[in-house]
Structure formats: structure tokens, C-alpha cells
Amino acid sequence: MSLYGALFSGVSALSAQSQSMGIIADNITNVNTIGYKATRADFSTLVTASGSASKYSPGGVSSNPTGLVDRQGLLQASTSPTDLAITGKGFFVVNTAQVPSGISGTYLYTRAGSFAADSNGYLKNTGGHFLQGYPYDAAGALPSNRALSSMESINISNLTGTATPTSTLSISANLNSDQTPVAYTFGNMSAGTVTPDFERSVQIFDSKGGSRALTFGFVRDNALAANQWSVEIYANPATDVTDTNGLLNAVGTSLLAFNTDGTIDTATSNLPTTLPITTWAAALGIANSSLAINYGTNAQADGMTQFNNPSALISSETNGAVYGALTGVSVAEDGIVTALFDNGTRQDIYKVPLALFPNVNGLEGRTGNAYIGTVSAGDLTLQDAGSGGSGLINASNLEASTVDLAEQFSIMIQTQQAYSASARIITSADEMLDELIRLAR
Numbered sequence: 000m001s002l003y004g005a006l007f008s009g010v011s012a013l014s015a016q017s018q019s020m021g022i023i024a025d026n027i028t029n030v031n032t033i034g035y036k037a038t039r040a041d042f043s044t045l046v047t048a049s050g051s052a053s054k055y056s057p058g059g060v061s062s063n064p065t066g067l068v069d070r071q072g073l074l075q076a077s078t079s080p081t082d083l084a085i086t087g088k089g090f091f092v093v094n095t096a097q098v099p100s101g102i103s104g105t106y107l108y109t110r111a112g113s114f115a116a117d118s119n120g121y122l123k124n125t126g127g128h129f130l131q132g133y134p135y136d137a138a139g140a141l142p143s144n145r146a147l148s149s150m151e152s153i154n155i156s157n158l159t160g161t162a163t164p165t166s167t168l169s170i171s172a173n174l175n176s177d178q179t180p181v182a183y184t185f186g187n188m189s190a191g192t193v194t195p196d197f198e199r200s201v202q203i204f205d206s207k208g209g210s211r212a213l214t215f216g217f218v219r220d221n222a223l224a225a226n227q228w229s230v231e232i233y234a235n236p237a238t239d240v241t242d243t244n245g246l247l248n249a250v251g252t253s254l255l256a257f258n259t260d261g262t263i264d265t266a267t268s269n270l271p272t273t274l275p276i277t278t279w280a281a282a283l284g285i286a287n288s289s290l291a292i293n294y295g296t297n298a299q300a301d302g303m304t305q306f307n308n309p310s311a312l313i314s315s316e317t318n319g320a321v322y323g324a325l326t327g328v329s330v331a332e333d334g335i336v337t338a339l340f341d342n343g344t345r346q347d348i349y350k351v352p353l354a355l356f357p358n359v360n361g362l363e364g365r366t367g368n369a370y371i372g373t374v375s376a377g378d379l380t381l382q383d384a385g386s387g388g389s390g391l392i393n394a395s396n397l398e399a400s401t402v403d404l405a406e407q408f409s410i411m412i413q414t415q416q417a418y419s420a421s422a423r424i425i426t427s428a429d430e431m432l433d434e435l436i437r438l439a440r
């Protein structure tokens, strides 16, 4: 009968409004939770089919929680370089285990990017979940198989210092075209028996991070044609290199030729573009290496030149670095985690991918402000940040909760009033039933 139906309809309303109040309570208590996504209570009618068009059979109401996971929270600046936020689509892949293997640990997905190194150096957020990423190998390559099984928990404390040997050198200098030619024999400059018309040293580094001085000596040789210079490349001090080419510390000799307009003539020049440093290894116990030297472009004034101006070194540029200790890490927008060393060198160590789902609102929440994949969420795809529809990663930022307090308090008032009205339905139906029972007395 309709009277009992009204009673049960009121009971269903109390249940639905109670669940709504619980959702509001969770939202308000997580107003300051990093990366939290608000949940909404959606109400739907419960209909009981009646057997007659002239009668109405009350049904009721039910409430269902809907996660608003696709909402973007505001970014808040942070001072930690490992605090990460995402602008756009995607989730960080995390695991409950420090070292996932086999059935150990569960892969979860989160926007809570408050990661910090734990006592073992692993990046872990406040939910206790470990950030996952693809590791770079010794050759600087990422795994070819971009799957969950190819990732590992990111560790930023097991990195040692590094030294980088010099492998490239570019030199730009002007040689005075009015320099008077002198008698010269190969080895005179490095031996000190002839003073170079122009001499400059460039700092380079060996494989152990040791600093070495490589000296370029230039002399206007009277045995050569016009616009030609003899060049020696030697170590300074001489003890840095053992005997080579029959001369104590010379590591190379060459002819430098110029065009009539003062630009370098690479076709006539006999310059070593690759300088072997194998003799250094014998003397100092360092790894064999080679040095690629760039003197400039043929017929261009972008390297060695010969003009009627005093000889001068314009610029020199080398790579390599001395031994450097780890000073920190940085995370780029595309998810590359780079180790920073105090010698100025950088080394890519991990790449953080982003997880995408066709229906992110279908993900199932887990403790620690994380989600687990479900059938309704669709299949997981892993994308590099900034590609494949994924967002960008912002270091030194955190994504704020999407809860709007004003909105939640407004909904709370509505829920409270609806609950009171639903309770009134029950008391009114009770009074009517009581009146019906008194008719039989």
C-alpha cells in the first residue's frame, strides 16, 4: 500500500542523504590533501511498478558516489625539486613495494606528487608509495620495452661522482700577418730552443678527472710559403706526456695555411683533427682517449685567422670535467630525471612516464590518495610526458586538492535539510498508521 511505500521511501532517503553527508565529510577533511580529487553524490530514483494506472506505488531514492578524478587542481609552488605536479592528463605510476618483483607490491596511479627520498634514497610520497620510472643504462639508452615490468623505483642516493675526459676542442685565434719569419726545425718550440711567435695553453681533462694543459705554439717559418705557419701541440709541463714522435713532450705537429683574405685554408693546411692521447695513458695510468680539434671552417673567419692585428686568442671551448660529487637532481617537463654534479656535469638517470586511462573517473580509490585500474576505467597506456595526449610534469610544484569549501558547505546545508525532510516523511507515515490502527478499536 502507498502508506507503507511512503514509509520505506523515507527510509531510502535517509540512507541516501547519509551517504551524501559521508561523501561531503571526506571532501572537507581532504581539502588540504595534495592531489586529492573531490567526489560527488549522484542521486537516482527507485521506481516500483504499479499494477494499475490509477494507483501510485512509491519507490524511493539511492545515491551513488562519482569520483571527479578528471578535474585539474591548482598548482602550488614548492621548494623541493622532487615535488612534482601534472598539468593535463596522466598519473604518476607508483608501487606499494620499495623494490617491486614478482607478486610483491601493487602498481597504483596517483596525482599526489609530494615525493621525497627515504632513508634508502627511494622517492616516496606521503601515501607511502614509491615513484616508478624507466632507468637509463650506461650508454644513456632507455629500455626498449615500455611496460610496467621495465620500470623500477627511482633511487637518487646510489649515484657516485663522475669525471668526464675531454673529447672535443675548438680554438679561435688571430695570428699577426706582419710577423717576421724565423728559422725553425720541428720540435724547437716544445724543446724551448725557439720562442713561439704566439703560444697559448688550453685546459683539458683526462679520464680520471685530472686537469692538463695542452699548449698550441705557432711560428712563422722562413722555410714555408707566404701565409703559412708551423704549429706544434705539446703538453705543459713536459712530464704530462712521454716521448712520442722522437720528441719529449710534443703530441702533434702540423702546417697551418691561410688564404689571402686572412681566412683559414683547410685544403692546404695539414692540421690534426683527431689527436691521440695514448701516450698519456702510459705515463699517468689513465684510459686511452682521443681529442677532436676544430680550427674553424674553410674560408671563414670563425676559427683561426691571419689579419694585420696583434696575435691573440679569441676563444677556446672544450668539454669534459674534473671529478664531481652529486649535488642534487632535477626533473624536466618531459619526465627526465637528471643528476647534477658540482663540476657542472649532468647525467640522465630515469624517465618518469605518465599513465593514461580512457575513463579516469572509473578508477577505484585506494588509501594514500591513489587509484587502481578497473574494467570501467579502460586499458592502461604509458606515455612520455607531453606526448600521446599526456600532460607535462612540473617540478617544485604540487597539485592542490580540487575540493571547493564553499561548494561543499552549500551541499551540506541541502543534504541536512533533505535528511530532516525525509525523517519527517517517516514520522508522518507513522502517525497515519497509528490513526489507521485506532479505527479498529
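The sequence shown runs 0 to 440 under numbering that gives the first Met the number 0. Glycine included, each C-beta is placed from N, C-alpha and C at the ideal position.
Beta-carbon proximity of residue i to residue j, cut-off 8 Å
i      : j      : result
Thr19  : Ala37  : A small correction: the amino acid at residue 19 is Ser; Thr does not occupy that position in the sequence shown. Not in contact: Ser19 and Ala37 (Cβ atoms no closer than 8 Å).
Ile232 : Phe215 : yes
Asp205 : Arg199 : no
Pro57  : Ala5   : yes
Leu67  : Thr401 : yes
Leu147 : Leu432 : no
Ala298 : Asn258 : yes
Thr302 : Ile170 : The amino acid occupying residue 302 in the given sequence is Gly; Thr does not appear at that position. Their beta carbons are under 8 Å apart, which means Gly302 touches Ile170 by this criterion.
Gly9   : Ile436 : no
Ala320 : Gly343 : yes
Ser176 : Gly261 : yes
Ile446 : Ile23  : An answer regarding residue 446 cannot be provided, because it is not within the stretch 0 to 440 covered by the chain.
Ile27  : Leu362 : no
Ala96  : Gly87  : no
Cβ separation of residue i and residue j, assumed to be a contact under 8 Å, to the nearest whole Å
i      : j      : result
Asn154 : Gly120 : 5 Å
Arg345 : Ala338 : 7 Å
Leu270 : Trp228 : Rounded, the Cβ-Cβ distance is 11 Å, inconsistent with contact.
Gly334 : Gly127 : Not a contact, Cβ separation roughly 22 Å.
Asn358 : Gly377 : 5 Å
Ser145 : Leu381 : Sequence check: residue 145 is Arg here, not Ser. Rounded, the Cβ-Cβ distance is 6 Å, consistent with contact.
Ala394 : Pro80  : 6 Å
Thr44  : Val60  : 6 Å
Phe42  : Ser62  : 5 Å
Ala384 : Glu316 : Actually they are not in contact, since the Cβ atoms of Ala384 and Glu316 sit about 32 Å apart, beyond 8 Å.
Closest Cα partner of residue i within the set the options
i      : options                           : result
Thr272 : Ser289, Ile424 and Asp378         : Ser289
Ala399 : Ala52, Leu73 and Lys54            : Leu73
Ala420 : Ser1, Ser14 and Tyr3              : Ser14
Phe91  : Arg423, Val321, Gly372 and Gly261 : Gly372
Leu213 : Ile292, Pro357, Val336 and Asn187 : Ile292
Ala115 : Asn187, Ser169 and Ser329         : Ser329
Ser441 : Val181, Leu270, Val218 and Leu362 : Outside the displayed span of the chain (0 to 440) sits residue 441, for which this structure offers no information.
Thr167 : Asn318, Asp378 and Leu2           : Asn318
Ala76  : Gly112, Thr95 and Val68           : Gly112
Ser156 : Gln415, Leu325 and Ala146         : Leu325
Gly89  : Arg365, Asn360, Ala422 and Tyr183 : Asn360
Ser152 : Val98, Val201, Asn187 and Pro142  : Val98
Asn221 : Ala182, Asn235 and Asp177         : Ala182
Phe356 : Asp341, Gln413, Val374 and Phe185 : Val374
Ser365 : Asp69, Asn94, Asn63 and Gly59     : The amino acid occupying residue 365 in the given sequence is Arg; Ser does not appear at that position. Arg365 has its Cα closest to that of Asn94, out of Asp69, Asn94, Asn63 and Gly59.
Asp348 : Gly87, Ala138, Gly209 and Ser310  : Reading the sequence as shown, one finds Ile at residue 348 and not Asp. Ranking the options by Cα distance to Ile348, first place goes to Ala138.
Val230 : Ile22, Gly261, Asp383 and Thr184  : Thr184
Val71  : Ile85, Thr65 and Ser62            : For the record, residue 71 in the displayed sequence is Gln; it is not Val. Residue Ile85 is the option with its Cα nearest to Gln71.
Leu397 : Leu404, Gln305, Leu362 and Thr78  : Thr78
Gly191 : Ser143, Lys207, Tyr418 and Asn235 : Asn235
Val336 : Leu141, Pro64 and Gln305          : Leu141
Gly21  : Thr32, Ile33, Pro64 and Tyr35     : Pro64
Ala311 : Pro164, Ser143, Asp341 and Gln178 : Gln178
Assigned exposure category for residue i - 16 Cβ within 10 Å defines buried
i      : result
Leu122 : buried
Lys350 : buried
Thr426 : exposed
Phe408 : exposed
Leu107 : buried
Thr265 : buried
Ile263 : buried
Arg110 : buried
Val46  : exposed
Ser53  : exposed
Ala428 : buried
Glu434 : exposed
Asn308 : exposed
Leu438 : exposed
Gly186 : buried
Gln305 : buried
Ala369 : buried
Tyr35  : buried
Residue-level contact to chain C via CB, residue i, 8 Å cutoff
i     : result
Leu13 : Among the protein chains of the structure shown there is no chain C, as only one such chain exists.
Assess, as a yes-or-no matter, whether the stretch 189–200 is touched by the stretch 140–160 under the definition of 3 or more beta carbon pairs within less than 8 Å.
no
For the structure I just gave you, are there three or more beta carbon pairs, one from the stretch 386–396 and one from the stretch 131–139, closer than 8 Å?
no
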